[in-house]
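Undergrad:
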């Protein structure tokens, strides 16, 4: 173990002893390299989803300006527009200063002697920069130049994204057919099986299973390497030999229910992240453009070709004799791990792509509501009084409204907005869950935040003259971080089941974007027949994933709170600080 100084920064400790960090980075790079093109493909996908959001944001600003001028006239519209712009700039300024500028701008510029509050002066400087940047983007050629630059970057990313990866279906294909006797010269088979087009000539089911196993092995190697990176940090670069976080990890390592939840959550995340290679067919072939792609199969000693759309029509699961169940092939040689849907599409591909939608909505909703709830918890706990009262009244008002009615109302209002095109309304659900979910998150975090605000070190920081934002970030936020993880994991599971329930009722994500709850609804009439898998498997998946998130949250809670295991109050206080 290298010598570490508490006063040195993390960067200084790494530079003083770089070998362990370089070894870990080299291993991470080697793990990243086989999937590099998939990374670029993901960036392009997210860029395509963000583009409607940014376009919609500009349209919202344009709508706001037009509405203000039409309502208040020239003078009133100008005043109201200026107020709206000031509020927007103020919010962006606070976020940028809190999360992206860790140093004092005032001290860097040498203007700390000016007769004005340091905090106010820094916000004025950042706000001025934001305002000027916004004006340049809107009213100058700079905005068009940036759009052109982003287009070039996207084109370059597309070149890299088109390369094969270790886990791509081009490397381990699973779609193929067994050539009829006498046609093996025309259709070559693999070295390990009689199939043409599959990995090593293996049976399609076996080739698909190999790719799925490889995906999960690759993902869990990444998890193991990340854990090794944390141990490297703890051994070589953390200035303290022990922190309360070590005890939390030790307690979680013996928490079997929490470990079960971790495994389920990890497998769900892998399903969402690696959805394309996990499916036996692609989403384009299976869901979006089935009549644009074809598949070869053998029948009566001949090799025939048919589009996936036509093959789907002959592979429907609607009870009786019309059924393709779990681990079965359809009449066209396509393997279906958990059967087909009522429309003949592969159910497992639908489930894997649907997990992305659930994760997209759940994760962004939890991040948004958690950020707002944590920020307000810190502010209200620090200032108390009127600030706390205003947030309490606002929170009570939001929680008093029926969530379903709010969902229907906001969904109707935003139905024609460009942001409703992102995942066919998924982003709308994110905004709605954030709007109604921050209140509950704030309620959950308010108690721990008030508890830490009464500690002596907070009073000492005030007496020392430390800025409130610095006190909140350094001395209060670490204390509530563990609670945020607990309530966030529980909240995420609740959002997933809520989205599934809304889609089941016909109020959720619209087709063709896959969503688990809609599949449960479509398979409901066939639950008691041979096509029971259509509704039962997605329903069980929803239950399993939500149970996993709840179990993971329970494990984190018990690891943070030693009192749940009969420990002393002093240990509980130490662990609550987050270390």
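Residue numbers (the numbering used here): 213 to 791. Glycine residues also receive a C-beta, built at the ideal position from the N, C-alpha and C atoms. The structure presented is a predicted model; accordingly, all values stated were derived computationally and were not measured.
When the Cβ atoms of the stretch 376 to 383 are set against those of the stretch 414 to 432, are three or more pairs found closer than 8 Å?
TA: yes
Undergrad: Hey, is residue 431 close to the ligand ZN, as in C-beta under 7 Å from one of its heavy atoms?
TA: Absent from the structure shown: the ligand ZN. Ligands present: none.
Undergrad: Per the contact definition of three or more C-beta pairs closer than 8 Å, is the stretch 699 to 706 in contact with the stretch 756 to 766?
TA: By the Cβ rule, the stretch 756 to 766 counts as touching the stretch 699 to 706, because three or more pairs are nearer than 8 Å.
Undergrad: Rounded to the nearest angstrom, what separates residue 507 and residue 493 at their Cα positions?
TA: Approximately 10 Å, taken between the alpha carbons.
Undergrad: Quick one: what's residue 515 bridged to in DSSP?
TA: 510
Undergrad: Taking the straight line between their C-alpha atoms, what separation do you get for residue 395 and residue 409?
TA: 14 Å
Undergrad: Out of 655, 659, 688 and 316, state which residue places its alpha-carbon closest to the alpha-carbon of residue 669.
TA: 688
Undergrad: Around the Cβ of residue 466, are there at least 16 other Cβ atoms within 10 angstroms (buried) or fewer (exposed)?
TA: That one is exposed.
Undergrad: Please state whether DSSP places residue 505 in a helix, a strand or coil.
TA: coil
Undergrad: Could you tell me the alpha carbon to alpha carbon distance between residue 222 and residue 449, rounded to whole angstroms?
TA: 7 Å
Undergrad: What residues in its chain sit with their C-beta under 6 Å from that of residue 778, if we drop five residues either side in the sequence?
TA: In this predicted model, residue 778 has a pLDDT of only 38, less than 50, meaning its place in the structure is not dependable; the value taken from the coordinates is given anyway. Cβ within range, chain order: n/a, list empty.
Undergrad: Using 8 Å as the threshold, is the stretch 630 to 649 in touch with the stretch 577 to 586, meaning 3 or more CB pairs across them?
TA: The stretch 630 to 649 vs the stretch 577 to 586: in contact.
Undergrad: Helix, strand or coil for residue 541, going by three-state DSSP, please let me know.
TA: strand
Undergrad: With burial defined as no fewer than 16 other Cβ atoms inside 10 Å of the residue's Cβ, what is the status of residue 387: buried or exposed?
TA: The residue in question, residue 387, is buried, as its Cβ has 16 or more Cβ neighbours within 10 Å.
Undergrad: Buried or exposed: residue 398, going by 16 or more other Cβ atoms within 10 Å of its Cβ?
TA: By the 10 Å Cβ count, residue 398 comes out exposed.
Undergrad: What are the boundary residues of the beta strand (DSSP E) that includes residue 550?
TA: Taken as a continuous stretch (DSSP letters only), the beta strand (DSSP E) holding residue 550 covers 547 to 550.
Undergrad: Excluding the 5 residues flanking residue 521 on each side, which residues of the same chain have their C-beta closer than 7 Å to its C-beta?
TA: 502 and 503
Undergrad: Just checking, does the stretch 446 to 465 make contact with the stretch 523 to 542 on the three C-beta pairs under 8 Å criterion?
TA: no
Undergrad: So who's on the other strand from residue 534, going by DSSP bridges?
TA: 531
Undergrad: For residue 446, which residues of its own chain have a beta-carbon under 8 Å away from its beta-carbon, when the five flanking residues on both sides are left out?
TA: 458
Undergrad: When burial is assigned at 16 or more other CB atoms within 10 Å of the CB, is residue 227 buried or exposed?
TA: exposed
Undergrad: In whole angstroms, what is the alpha-carbon distance linking residue 617 and residue 738?
TA: 31 Å
Undergrad: With a threshold of 16 other CB atoms inside 10 Å of the CB of residue 517, please say whether the residue is buried or exposed.
TA: exposed
Undergrad: From the DSSP secondary-structure annotation, give me the bridge partner or partners of residue 558.
TA: 552
Undergrad: So, residue 164 versus residue 277, is the Cβ gap smaller than 8 Å?
TA: Shown here, the chain extends from 213 to 791; a query on residue 164 therefore has no answer.
Undergrad: By alpha-carbon positions, which one of 619, 633, 695 and 740 ends up nearest to residue 717?
TA: 619
Undergrad: Just verifying my parser: in three-state terms, what is the DSSP assignment at residue 789?
TA: For residue 789, the predicted structure reports a pLDDT of 40, less than 50, and the residue's modelled location is therefore unreliable. A value from the coordinates is still provided. Looking at residue 789 - three-state DSSP - the assignment turns out to be coil, as it is neither helix nor strand.
Undergrad: Output the distance between the C-alpha atoms of residue 423 and residue 543, rounded to the nearest integer angstrom.
TA: 23 Å
Undergrad: Work out the CA separation of residue 474 and residue 519 for me, nearest whole Å.
TA: 41 Å
Undergrad: Residue 283 to residue 303, Cα distance in whole Å?
TA: 25 Å
Undergrad: Report, in whole angstroms, the separation of the C-beta atoms of residue 344 and residue 305, which I expect to be a contact under 8 Å.
TA: 12 Å between Cβ atoms; not a contact.
Undergrad: What did DSSP end up calling residue 408 once you bin it into helix, strand or coil?
TA: strand
Undergrad: Could you tell me the boundaries of the alpha helix (DSSP H) in which residue 663 lies?
TA: 638 to 665
Undergrad: From the DSSP output, in three-state form, read off residue 472 for me.
TA: For residue 472, the three-state secondary structure derived from DSSP is helix.
Undergrad: Go ahead and pull the three-state DSSP assignment for residue 440.
TA: helix
Undergrad: With a threshold of 8 Å, are at least 3 pairs of Cβ atoms found where one atom belongs to the stretch 727 to 738 and the other to the stretch 675 to 682?
TA: no
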